[in-house]
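Under numbering that gives the first Met the number 0, the sequence shown has 504 at position 505, and the numbering climbs by one with no breaks. C-beta atoms are modelled at their ideal positions from N, C-alpha and C, and glycine is treated no differently. The structure appears right after this line, and notes come after that.
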Amino acid sequence: MMLGMKKYNLIIILVIWNVFKFISPMINLVEKRIKNILNDLPSCSGVYQFFNEGSDILYVGKAINIKKRVAGYFTKNQTGKTKILVNKIRDIKIIITESEHDALLLENSLIKKYKPPYNILLKDDKTYPWICISNEEFPRVFSTRKRENDGGQYFGPYTSVKMINTLLNLIKELFELRDCNLNLSKEKIQKSAYKVCLEYHIGNCKGPCVGEEKEKDYLIRIEQIKNILKGNLIVVQKYLKERMKFFALELDFESAQKTKESLNLLEDYKSKSYVVSTNVTNTDVFGIYQVGNQYFLNYFKIVNGAIIQSHNAELKIRINESIEDVLMHYITLLRTEFNSDSKLILIPFKLNYNLPGVKLIVPLKGQKKELIDLSFRNAKFYGLEKINKKSIQNTGVKTDLLELQRKLHLKELPIHIECFDNSNIQGDFPVSACVVFKNGKPSKKDYRHFNIKTVKGPNDYASMEEVIERRYSRMLKENSGLPNLIIIDGGKGQLSSAVSALKEIGLDREIAIIGIAKKLEEIFFPKDPYPLYIDKNNSSLKLIQYCRNEAHRFSINHHRNRRSKGMIITELDNIKGIGPKTKEVLLKKYKSIKNIKMVSKNELTKDIGSKKANVIVNYFTK
C-alpha cells in the first residue's frame, strides 16, 4: 500500500515538473517582452493602456512622465488588486499628448468608451435629460434624453427630472410658445396650410402657424428663455419690467397686469433657487467624502450667484489610486458631462495638476470655503445614505420600516404592527378588527375579529376602548409578544380612547401608538395637539395606509357577514311558535325570507305541517 502511494506521489511530481518546464520559458518570454517595452517608453506626458492576453483593455492611465509612471507598476512593493492587474498585463500601448491637460481629456474619453475593468467606475452611469431649443422656424422648447447633432441648442444635462419639469413649467407660464411639431416654413404659412388649435384659443400660443405672430417677436422670447436656462435671471427680469412699463404707457393695462404676474412668477422661482451670492459668478465646486476604497462626490455648478446644478456620485476604485487622481478624474469627467466652461474651480485640497485657463483654488475662509463645506456635507450625506442602504439590504431589514421608525421617532424598529378599525351601521351589529403586520407584510393568520359586547348604540370611542383592553389584556395573560406599534383608524377621539385602555392595563408607556385620520391623512400622537403630515409619496405613509386599508377591509367583511346573518335570524325570531329546527328547514330549502314569503300555504304544509304553516302565513299577511 505504501509503495503504491509513493509511486502515485512520484507521478504527480513528474507531471508538475514537466508542466513547469513547459510554462517557465513562456513566463520568461512575457517578462522579457514587458521589460523591453518598459525600456522603450518615452519620458513625456501622455496616456498608457494595459492589455491582457486576449488584447482586451485592462486599464487606462495618464502621466506627466509615462516611463516613470508605468515602471512604478512593476516594482516588488505592489499589493492587492494592483498586483493582480500586473500579473495579467501582456502588452502596453501609449499615446503621447501635447500637455498634461490633453492627457486628462484623452484618458477620460478612453475610459468612457472602453470601460476598463480596473479603472475608476462611475456607478451612476445614466442618460440624463436635456432641454432642447430646436433649430427651425419658430423654435420649440422641450426635454429629451438624446443629444443629437441637429443644430439645436441643448442645455443641461439635468440630474433631477423634477428640476427640468419646474423649468419647463416656468417657461410655459412666462412665454407663449408653440408645442406642436408642425413645419412652420414661410411657404406653409402663406398657403394657409394650418388652422389654430386649442392652445391658441386658451392663450398659450399666439398662432404663428396662421401668420398671427412674426418670427422676430417669437425669437425675442426664445432669447429670454435661453437666459433663464443659462441662469441669467436678472436679464429676464429687466426685459419683463421694460415690457410692463411699455404696456402701461400704451394704456394696455390688461397686458401690463399679465406681465406683472409673469414677473412675480420669476421672482418666486428665483427665491426658491439656492442663491449663493452675486459676487460668486461662474464657478464649479467639488466636494469628496471617502470611506475605505469608496469615494462619494458632490458637484455644484454655480452661474450668476445661484446653484443651477447639483450632482452626487459614487466612485468605485479598482486599484490603488490616490485621492488626488480620483478627484482630478472626476473634475474632468463632470465638466465635460455638464458642459461647464467656468474659469474657477473650488476644491477641498491641493492638486498637482494644471488646467489651461482655469484656476484651481483651495479656499480657507469666507463664502468660497462655505461652499466647499456645503459640497462636502452633500457628499457625506449621499455616501452615508448609500452605505446604510447596502447594510439594510445585507441584513434583510426593509427600508420602509426604517423610514417609518425615523418619521415617527420610534425607539424600536416596528417589526410587529397592529392596526384597529371599528364598523357599525347606526350602532347595529358593531364589530372591530385587528390586522397584524410582521416585517412590513400582512400576517393573516394573526388577524382577529371582535364583536362589541359592552357598548350600546353608535359609540366608536367606547368600542375602541373595549377592543384594545380585550386584545392586550389577553396578550399579557398568554405572555404573547406585544407589538412595536399600534395604529388606530381614526383621529384624536379614537386615539385617546385607545390610550385610556392601554393606561388601564399598564401598557401606555410600553407600546407606541398613533392615529391616522382619513381626510388629510393626518398622523396623531398621544398628548400632541398638532398632527404630523407625511409626504404622500413617502414609503412610511404608504405602509401606514396599507395597514389602515387592510384593517378597514377586514372589519367591513366581518360586519357585512354578521349583519346579513343577523337580519335573517331576526326576521324569523319574531314569529312565535317557530323553533330553530323549523327555521333551518325553511332556510335550507328556500334560501331567503323573500322566497319564504312567496311560498303557498300548501307548499309550507308539506314541509313543516299545517299548524306551523298557518303561523307563518298569518305572520307575513298581516
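Taking the Cβ atoms as the reference, valine 69 lies roughly 16 angstroms from leucine 109, outside the contact range of under 8 angstroms. Sixteen is the threshold: when 16 or more other Cβ atoms of the shown chains lie within 10 Å of the Cβ of tyrosine 381, as they do, the residue is buried. Remark: fewer than three beta-carbon pairs, one from each stretch, lie closer than 8 angstroms, so the region 438-453 and the region 476-493 are not flagged as touching. In its chain, beyond the 5 residues on either side, Asp149, Gly150, Gly151, Gln152 have a beta carbon closer than 8 angstroms to the beta carbon of asparagine 134. With a cutoff of 9 angstroms on beta-carbon distance, valine 46 and isoleucine 91 are scored as not near each other.
In this structure, methionine 474 keeps its C-beta atom at 9 angstroms or more from the C-beta atom of phenylalanine 419. The beta-carbon distance between valine 616 and isoleucine 577, rounded to whole angstroms, is 12 angstroms. This is too long to meet the 8 angstroms contact definition. Beta bridge pairing from DSSP links asparagine 297 with Gly286, Asn311. Bounds of the alpha helix (DSSP H) holding valine 616 are 609-619.
Taking C-beta atoms under 8 angstroms as the contact rule, leucine 166 and isoleucine 130 qualify, at a distance of about 7 angstroms.
In the structure shown, proline 457 falls within a coil segment according to DSSP collapsed to helix, strand and coil.
Approximately 11 angstroms separates the beta-carbon atoms of lysine 67 and serine 44; this is outside 8 angstroms, ruling out the contact. Looking at the backbone, the Cα of lysine 190 and that of cysteine 196 are separated by about 17 angstroms. Counting along the chain, the unbroken alpha helix (DSSP H) around alanine 497 starts and ends at 491-503. Looking from the CA of arginine 334, the closest CA among Gly230, Glu266, Ser309, Phe295 belongs to Ser309.
The C-alpha of aspartate 251 is placed about 20 angstroms away from the C-alpha of tyrosine 217.
In the three-state DSSP reduction, asparagine 548 falls in the helix class (H, G or I). A distance below 9 angstroms separates the beta carbons of glutamate 175 and cysteine 204. Per DSSP, reduced to three states, the secondary structure at aspartate 90 is strand. Beta-bridge partners of phenylalanine 50 (DSSP): Ile56, Asp90.
By the C-beta density criterion, lysine 367 is buried, having at least 16 other C-beta atoms within 10 angstroms. For the pair leucine 228 and phenylalanine 154, the CB atoms are nearer than the 9 angstroms cut-off. The Cβ-Cβ distance between phenylalanine 285 and serine 374 falls below 9 angstroms.
Restricted to the region 340-407, the beta strand (DSSP E) segments that are unbroken, complete and at least 3 residues in length are 343-345, 358-360, listed in chain order. The criterion of a C-beta distance shorter than 9 angstroms is satisfied by isoleucine 318 and leucine 84. Looking at the backbone, the Cα of glutamine 544 and that of glutamate 503 are separated by about 28 angstroms. Here leucine 359 is not near leucine 370, since their CB atoms are 9 angstroms or more apart. If you draw a straight line from the Cα of isoleucine 221 to the Cα of lysine 171, it is about 12 angstroms long.
Annotation for isoleucine 110: the continuous alpha helix (DSSP H) segment containing it runs 99-113.
Rounded to whole angstroms, the gap between the alpha carbons of phenylalanine 553 and arginine 547 is 10 angstroms. Our two residues, leucine 343 and glycine 356, have alpha carbons roughly 9 angstroms apart in a direct line.
Cysteine 179 and tyrosine 193 have their C-alpha atoms some 11 angstroms from each other. In the DSSP assignment, arginine 508 falls outside any alpha helix (DSSP H) and carries neither an H nor an E. For valine 69, the enclosing alpha helix (DSSP H) begins and ends at 65-70.
Spatial neighbours of isoleucine 607 in its own chain (CB-CB distance under 6 angstroms, excluding positions within 5 residues in sequence) are listed in chain order as Thr581. In the DSSP assignment, alanine 62 is bridged to Gly45.
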